[in-house]
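**Student:** Start counting the sequence shown at 63; every next residue gets the next number (our numbering).
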Amino acid sequence: MTDQTRYFRLANITKLINTKLELRDVLNQVIAAISEEIIQCDSIGIYLPQEDGLLRGFVGKPEVMNGMTIDMHVVDTEYDLLAKEVMETQKTIYVPDTSIDHRPDCRTVQAFNIKSLLALPIILENELFGIVFLFDAGIPMNLTDVEIQSVKSYVDMAAIAIQNAKNLKNKEDLIKEKQLLLDVTHDLSMCSSVHEAINTCFCYISTLLNNNNIGVHLLDTVAKLKIKPTILNSKSDWTEESWITTLKETNFDDENDQVFKDVIATKEAILITDVYKDDRVNHAVCRAFSIQSMFVVPIVSIGEVLGIFTIVDMHRQGLNYSKVNQQLTQSIVNATASTLSNLLNIEKQDQIIKERTSEVLEKNEKLNQTMKELQRLNRERELLLNSAGEGIFGIDVNGVITFCNPTAKSMLGYESVDELQGQSVEQIFSANSKGQGETVFFRQDQSSFPVEYVISSITEEGKTLGEVVTFKDVSERKRMEEEIKYHAYYDSLTNLPNRVLLNDRLEQGLSYAKTNEWKSAVLFMDLDRFKSVNDLLGHSYGDILLAEVANRIRFCIADDVTASRQGGDEFILFFPHIGSELDVMNVIECIIDLFNKPFNLRGHEVYMNCSMGISLFPQDGTSAEVLVKHADIAMYQSKNISGTSYRFFKTGMDTRIIEHVKFENDLYSALEREELEVYFQPQIDYRSKSVVGVEALLRWNHPLEGIVSPDKFIPIAEETGLIVPIGNWVLERACEQVKRWQEDGNTSLCVSVNLSVRQFEQHNLFQTVQDTIERIGLSPKFLCLEITENQIIKNTELTVQTLRQLKELDIEIAIDDFGTGYSSLGYLKNLPINKLKIDKSFIQELKSHDSNSAIAETIITLATNLGLSVIAEGVETEEQAEFLTSKNCYLMQGYYFDAPMTTEAFEKKYVHLI
Ligand code: C2E
Ligand code: MG
Ligand code: MG
């Protein structure tokens, strides 16, 4: 019966084990079965090892004893020697009398008043699952062997149930673990950076271990084996920044930390439940973070340590992770490791690629810059070579042309650049030209042209490789110079030599005649009543007449005779070599003949007479001046004879000389008698139509002759030296007046004063001028001094030096009557001057499409090129003013605006209005 019931119970439990999955229920059934069978037993408890590793009550009967539930009971093998022995021996031990057997825990025995006790191991295949206790509550159980055996068989059932449950749990855990790892692997596969992968890992570990304080130290990918704190879980108690700085401040040395070293060496995780009990741990760091325990896990991929996870806790022995969780953590880390390894490699490669790319980019950039620079240089070189005007070619040491620009090619008349390259430089110019200067270059067709050139040598490291020749075709400039020269020497109306050239020829011819003891003659000729032609028919008819007279003269003279126009209707003929007066007579007769024929002036027939006077060398004078004067006097005599006539000079004819002397005497006293007066002629800026300055022009109020023009008395004043005191007086008077006008409000009014060369010869001109303006208080910039070209040439050294001083003082220097004298352009360039004053003869002959317009224009261009300002004098018509304006000459002076006028007249008209 009892056996039957027992089998039935066992069968029931077996059934339960197979159907009911819950271990607790099965074990409760086991307890129920035992207590039904062993009725003298008061309490049964099954103790199983729990998560914390202790043997704890799992199920029991009764459920509450002395106010304690079964799970509050813990088997302490230190006190409970019975349990210890059972576990060690895996044997069932029955203690029938606790008073004589002291193996059971005396505290429990006393607390529950236990008299007898049965302890059984729960074993299956030598594995101990737990312990079962049966005991009484005051009355000994007195168990028989059979009873003990039957309890044992129930306990065996419990073992099976536990193992089943365990297997199930293991299976569940495994599945969970696998799922977890699958999830980890899946999530990691979605990561594209080391950071992301580690954060994913953090996420899993922190959930698994219920701890957010996880940091990772990675091996530096750049510095290879170096390990350093890299990432801290963002949910950690510290910020990543404070984590890293604290580690630095506590001098934490990743490389030499013993824990890290061990972990890296063994590639095994280390769990340290109390850091202060472990010498390997850096205690300073632990104190800084208040760490109590730590779990250090290596990140290992294919046998290589990539870094270390440190999981720390601030509670003493807080990190008591089960083996399973430790392993799971390691598995998560391992899964992370392979991803990490890939990503680190990718990052390393990325880094390398980035470095290479930036290197390549940098090199590219440099290359681009060099290319650009090269292109720029090329462009510049091309520009230079192609730049208009200047020809450039290079020659090597053998004098062979190595390169040239298109300008050089075309200026030298070659078909192509290639054709010129390779030529010997000797083809072009003589090789002894050096440095810079002017010479003649030869074109391919052997024709030549004037050039201005610069030769510079090409040297490299002290070695001469060749030369570069830069040149300018100066034909045009030469032509201009010639043209100016022509106008300086020739009268443009008649194309006859002018006064300047005549003087030149006279000087030369006379000195020749002197040496060769030749006879020479000067013929002075003046048209009679020429003024009436001008007055009746107009100037243009007068001009035609003058030109025709010149033609007739030319017709009558031999090649060696110079016929010149002196100005107005005066002509002078110079015969450098005559046999006798007869030679002159022949010419005179020819002239008389021709003058007997009428002049045809555009349909008007005009009869014209002329008067001629002749002086002979050497008897009538030996200097040009005297000869001309005497011829003039003789001509004057012939004026008294009607019709075309002539007179040879005779002594006593020179009554005009007496006049001259008288005039001279009058002039001496003119200053004292206050007969001299300064007139002012306004100088206009045609753009603004405003007066910018005045020219001071001297007048002589002669008591008998009335107002005498300076052309008449200035030469006498110069001859006698009177010009010096007179000139000083004019300067003073003019400056004074202008200063006064400035004070009246015309603050920017300038004054021009004419200087005679005699004034320079005094040696103290500069001092005089400086003293004068200082005394008067006129700023030097308002004073302009005018001097004629020929005057400068006459007395170069001293004049130029004084001019330089004056210019340095900021006084303006103008060349008066420019174009009438001749000075080379090169010479002009070196003079200390500011301004050119175009002579009135060029302005008055200004008609558009006339060669004179070209001269005025040339002078304007020249002035601009030399950086000089330019003013036109003698502007008489609007047409002239407009023409000058169109050529960019705006400063003008002339009757069109106003003739020179008295101070009063000027004040009346201009002062306050300016
Ligand atoms: P310049 O310095 O070339 O003066 C210009 C002359 O041209 C002046 O003659 C002036 O009256 C005249 N003029 C002005 N506008 C016109 C115009 O539209 N048409 C024409 N045909 N002539 C015009 P001026 O006053 O008879 O003086 C003659 C020359 O005497 C001056 O020529 C200058 O060289 C000299 N001169 C005058 N005053 C002085 C002086 O104080 N000292 C010195 N050394 N020479 C003086
Ligand atoms: Mg002047
Ligand atoms: Mg002048």
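The C-beta atom is built at its ideal place from N, Cα and C for all residues, glycine as well. Small disclaimer: the values here were computed from a predicted structure and weren't measured.
If we count the other Cβ atoms within 10 Å of its Cβ and call it buried at 16 or more, is A181 buried or exposed?
**Tutor:** A181 comes out buried.
**Student:** In terms of residues, what are the limits of the beta strand (DSSP E) holding H279?
**Tutor:** First-last of the beta strand (DSSP E) with H279: I276 to L281.
**Student:** With a threshold of 16 other CB atoms inside 10 Å of the CB of G641, please say whether the residue is buried or exposed.
**Tutor:** By the neighbour-count rule (16 or more Cβ atoms within 10 Å), G641 is not buried but exposed.
**Student:** Go through the residues and name those whose CB comes closer than 5 Å to any heavy atom of ligand 2, in chain order.
**Tutor:** In chain order, the hits are N816, E848 and D878.
**Student:** One question on the structure: do L817 and L847 come within less than 8 Å of each other, judged by their Cβ atoms?
**Tutor:** Contact: yes.
**Student:** Between Q392, N261, I353 and M647, which has its C-alpha nearest V325's C-alpha?
**Tutor:** Taking only the C-alpha atoms, the option nearest V325 is Q392.
**Student:** How close, in whole Å, do the beta carbons of D631 and F661 come, if the pair is a contact with beta carbons under 8 Å?
**Tutor:** Their Cβ separation, rounded to whole angstroms, is 13 Å, which puts D631 and F661 out of contact at 8 Å.
**Student:** Taking only three categories from DSSP, how would you classify Q942?
**Tutor:** Looking at Q942 - three-state DSSP - the assignment turns out to be helix.
**Student:** CA-CA distance, M63 and L179?
**Tutor:** Any reading at M63 needs caution, since the residue's pLDDT is 49, under 50, leaving its predicted position unreliable; the model's value is listed next. Rounded to the nearest angstrom, the two C-alpha atoms are 27 Å apart.
**Student:** State the Cα-Cα distance for the pair I79 and M219, rounded to the nearest angstrom.
**Tutor:** Spanning the two alpha carbons is a distance of roughly 8 Å.
**Student:** For the candidate residues Q832, G839, P124 and G604, whose alpha-carbon lies nearest to that of Q867?
**Tutor:** With distances taken between Cα atoms, Q867 lies closest to Q832.
**Student:** Taking DSSP as the reference, what is the three-state secondary structure of A181?
**Tutor:** It is a strand residue.
**Student:** For N226, which residues from the same chain have a beta carbon less than 7 Å from its beta carbon, with the 5 sequence-adjacent residues on both sides left out?
**Tutor:** Same-chain partners within the cutoff: I79.
**Student:** State whether the region 231-241 contacts the region 327-342, with contact taken as three or more CB pairs (one from each stretch) at a distance under 8 Å.
**Tutor:** Result no; under three Cβ-Cβ pairs closer than 8 Å.
**Student:** Can the beta-carbon of C103 be found closer than 8 Å to that of D198?
**Tutor:** Closer than 8 Å, so yes.
**Student:** In chain order, which continuous runs of the beta strand (DSSP E) of length 3 or greater are located wholly inside the region 706-793?
**Tutor:** Within the region 706-793, the complete beta strand (DSSP E) runs of at least 3 residues are 707-710, 738-747, 752-764 and 768-770.
**Student:** Where does R118 sit, in a helix, a strand or coil, going by DSSP?
**Tutor:** DSSP places R118 in strand when its eight states are reduced to three.
**Student:** Would you say the beta carbon of S818 is closer than 7 Å to some non-hydrogen atom of ligand 1?
**Tutor:** Yes, ligand 1 has a heavy atom inside 7 Å of this Cβ.
**Student:** Out of curiosity, what's the CA-to-CA distance linking I769 and G881?
**Tutor:** Going by the C-alpha atoms only, they are around 29 Å apart.
**Student:** Which of the three DSSP states is assigned to K935 in this structure?
**Tutor:** Checking the sequence, you will find Glu at residue 935 rather than Lys. The answer is coil: DSSP assigns E935 none of H, G, I, E or B.
**Student:** For the region 678-689 against the region 564-583, do three or more pairs of beta-carbon atoms, one drawn from each stretch, fall closer than 8 Å, so that the two count as touching?
**Tutor:** Yes: the two stretches touch, three or more of their Cβ pairs being nearer than 8 Å.
**Student:** Skipping 5 residues on each side, what residues in its chain have a beta carbon closer than 7 Å to that of K801?
**Tutor:** Same-chain partners within the cutoff: I838, G839 and L840.
**Student:** Can you tell me where the alpha helix (DSSP H) holding M587 begins and where it ends?
**Tutor:** Here M587 belongs to no alpha helix (DSSP H); instead the beta strand (DSSP E) covers K581 to L589.
**Student:** State yes or no: is the C-beta of K977 within less than 8 Å of the C-beta of V479?
**Tutor:** Missing from the structure shown is residue 977; the chain here goes from 63 to 976 and no further.
**Student:** By alpha-carbon positions, which one of V88, S582 and I193 ends up nearest to H639?
**Tutor:** Checking every option, the nearest Cα to that of H639 belongs to S582.
**Student:** Compare the beta carbon distance of P559 and S626 with 8 Å and say whether it is the shorter of the two.
**Tutor:** Result yes, Cβ atoms of P559 and S626 sit closer than 8 Å.
**Student:** What's the call for N204, buried or exposed, on a 16-neighbour Cβ count within 10 Å?
**Tutor:** Exposed, because fewer than 16 other Cβ atoms sit within 10 Å of the Cβ of N204.
**Student:** Got a sec? Which residues, its chain only, sit under 7 Å from H601 by beta carbon, not counting five neighbours each side?
**Tutor:** So the list is empty, once near-sequence residues are dropped.
**Student:** Rounded to a whole number of angstroms, what is the C-alpha to C-alpha distance between V623 and R616?
**Tutor:** Cα to Cα, the separation comes out at about 9 Å.
**Student:** For a minimum of 4 consecutive residues, which ranges assigned as the alpha helix (DSSP H) are wholly contained in the region 122-160?
**Tutor:** DSSP runs (the alpha helix (DSSP H)) wholly in the region 122-160: 143-151.
**Student:** Which residues does DSSP pair with T526 in a beta bridge?
**Tutor:** T521.
**Student:** Assuming T926 contacts E545 under a Cβ cut-off of 8 Å, what Cβ separation, rounded to an integer in Å, is found between them?
**Tutor:** The Cβ separation is near 17 Å, so there is no contact.
**Student:** Got a sec? Which residues, its chain only, sit under 8 Å from D282 by beta carbon, not counting five neighbours each side?
**Tutor:** Cβ within range, chain order: K288, I289 and K290.
**Student:** Would DSSP call I640 helix, strand or coil?
**Tutor:** Reduced to three states, the DSSP call for I640 is strand.
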